[in-house]
Each structure stands twice: as C-alpha cells, then as structure tokens.
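Basically my numbering = 1-based index in the sequence shown + 4. Shown next, in structure tokens, is the structure this report addresses.
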Amino acid sequence: MTSAVKITKCMISDNLDADLALSRCAKEMGIAPEPINNCAVHAHGSALLKKHGDDTNIIRPTFIPTITINGSKDNQAALLKNFHLQICKIIDIPLPPPCL
C-alpha cells in the first residue's frame with residue numbers, strides 16, 4: 005500500500021476535523037503534513053477537488069463512496085467489503101506481491 009493510500013485511509017477513518025486528522029495521521033506515519041496541507045489549500049488542490057467533483061457528477065452515484073473501475077460501477081458491495089481482493093481479481097498476470 006502506498007503512503008498516499010495509507011494516509012488517505014487513516015484520514016477517512018476519523019474525518020470530522022480534516023486538519024486534526026491530517027496532523028494525527030502524518031505523525032503516525034512519520035511524514036510532514038505541510039506539503040499535503042499546502043496542496044489542499046492552494047490552487048492545485050482546488051483544481052483537483054473540482055475535477056473529482058465533476059467526475060463524480062458524471063457517474064451520478066446513488067451513494068458515497070461509489071467506486072468506479074475502468075468506468076464501471078458494478079460490484080459495489082464486493083468492492084466496499086474487500087477492495088484489495090477485488091482489485092487483485094482484475095489485475096493481469098503477473099500479479100504484484102500484495103496479491104499473492
């Protein structure tokens with residue numbers, strides 16, 4: 005799991021206050037929170053938020069989170085239950101070590 009995925013997972017688990025979540029999760033991971041915060045509060049972060057908001061509106065999700073893979077919203081229950089397993093099922097061989 006990449007650092008980006010790890011910090012995202014950590015922040016989602018306790019996200020009532022994004023600033024506190026970032027501070028706590030960055031500390032737990034031993035990384036500096038400033039680059040992430042700078043991205044979030046400046047133009048690049050705003051552009052990413054708009055892009056992903058537009059992408060979300062296009063797929064018209066019936067609930068959040070909705071996961072799309074290769075443009076498909078199929079298998080939401082399975083994806084939400086075990087995302088890792090579902091991703092490993094669609095990866096072409098050779099499978100990466102986390103899927104073995």
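The C-beta atom is built at its ideal place from N, Cα and C for all residues, glycine as well.
query, result
"Across which residues does DSSP place S76 in a beta bridge pair?", "I73"
"Decide if A30 is buried, meaning its Cβ has at least 16 other Cβ atoms within 10 Å, or exposed.", "buried"
"Return the Cβ separation of E32 and C14 in integer angstroms, given the expectation that the two are a contact with Cβ distance under 8 Å.", "7 Å"
"Under the assumption that S7 contacts I35 (Cβ atoms under 8 Å), give the Cβ distance between them as a whole number of angstroms.", "7 Å"
"Take A25 and list the residues in its own chain whose beta-carbon comes closer than 6 Å to its own, dropping the five residues that flank it on each side.", "M15, D18 and N19"
"When burial is assigned at 16 or more other CB atoms within 10 Å of the CB, is L83 buried or exposed?", "buried"
"Can you give me the start and stop residues for the alpha helix (DSSP H) that L52 sits inside?", "A47 to I63"
"Let me confirm a value: C11 is counted as buried when at least 16 other C-beta atoms fall within 10 Å, else exposed. Which label applies?", "The question names Cys, but residue 11 in the sequence shown is Ile. Flag for I11 reads buried."
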